[in-house]
Amino acid sequence: MAKKTTVTPLHDRVIVKPAAAEEKTAGGIIIPDTAKEKPQRGTVVAAGPGKKDEPVTVKPGDTVLYGKYAGTEIQIDGEDLLIMRESDILAIV
Numbered sequence: 580m581a582k583k584t585t586v587t588p589l590h591d592r593v594i595v596k597p598a599a600a601e602e603k604t605a606g607g608i609i610i611p612d613t614a615k616e617k618p619q620r621g622t623v624v625a626a627g628p629g630k631k632d633e634p635v636t637v638k639p640g641d642t643v644l645y646g647k648y649a650g651t652e653i654q655i656d657g658e659d660l661l662i663m664r665e666s667d668i669l670a671i672v
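Quick note: the sequence shown uses the working numbering, first residue 580, plus one each step.
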């Protein structure tokens with residue numbers, strides 16, 4: 580499970596730790612760093628309270644799928660994270 584962060588997102592924002600990029604294909608071919616794709620899966624680290632009439636449905640520890648270009652990359656305590664709106668999250672896995 581993700582460690583507790585001191586940053587609390589506002590409104591419907593969510594902080595997500597992206598999963599590590601794939602190192603090998605299913606066939607066993609090693610993917611070089613220049614060809615790796617940005618991961619589209621991650622773990623929720625923190626979630627805001629939501630909007631006035633719409634509470635946030637994800638909670639810390641949930642594994643989620645999000646859009647390829649969703650969120651803004653940030654760095655907290657030397658850790659690379661994404662901050663995005665809950666509407667950018669496509670599914671909870």
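A virtual CB, placed ideally from N, CA and C, is assigned to each residue, including glycine.
Going by other Cβ atoms of all chains shown within 10 Å of its Cβ, with 16 needed for buried, is residue i buried or exposed?
| i | result |
| --- | --- |
| P611 | exposed |
| V586 | exposed |
| A626 | buried |
For residue i and residue j, I'd like the C-alpha separation in whole angstroms.
| i | j | result |
| --- | --- | --- |
| G606 | T613 | 19 Å |
| E658 | T622 | 13 Å |
| A600 | K617 | 7 Å |
Does the separation of the CB atoms of residue i and residue j fall below 8 Å?
| i | j | result |
| --- | --- | --- |
| G629 | H590 | yes |
Beta-carbon within less than 7 Å of residue i's beta-carbon, same chain only, minus the 5 sequence neighbours each way: which residues are those?
| i | result |
| --- | --- |
| T604 | I610 |
| E602 | I609 and I610 |
| P639 | A581, V623, V624, A625 and A626 |
| D632 | none |
Among the residues of its own chain, which have a CB less than 6 Å from the CB of residue i, if the five just before and after it don't count?
| i | result |
| --- | --- |
| E665 | D591, V593 and V635 |
| D641 | V623 and I671 |
| I653 | L660 and I662 |
Here's a check: name, in chain order, each residue in its chain whose Cβ is nearer than 8 Å to the Cβ of residue i, leaving out the five neighbours to either side.
| i | result |
| --- | --- |
| G646 | Q619, D667 and L669 |
| M663 | R592, V593, V595, Y645, A649, G650 and T651 |
| V637 | V593, V623, A626, V643, E665, I668 and I671 |
Which ranges would you report for the alpha helix (DSSP H) in the segment 606 to 666 if only whole runs of at least 4 residues count? DSSP runs (the alpha helix (DSSP H)) wholly in the segment 606 to 666: none.
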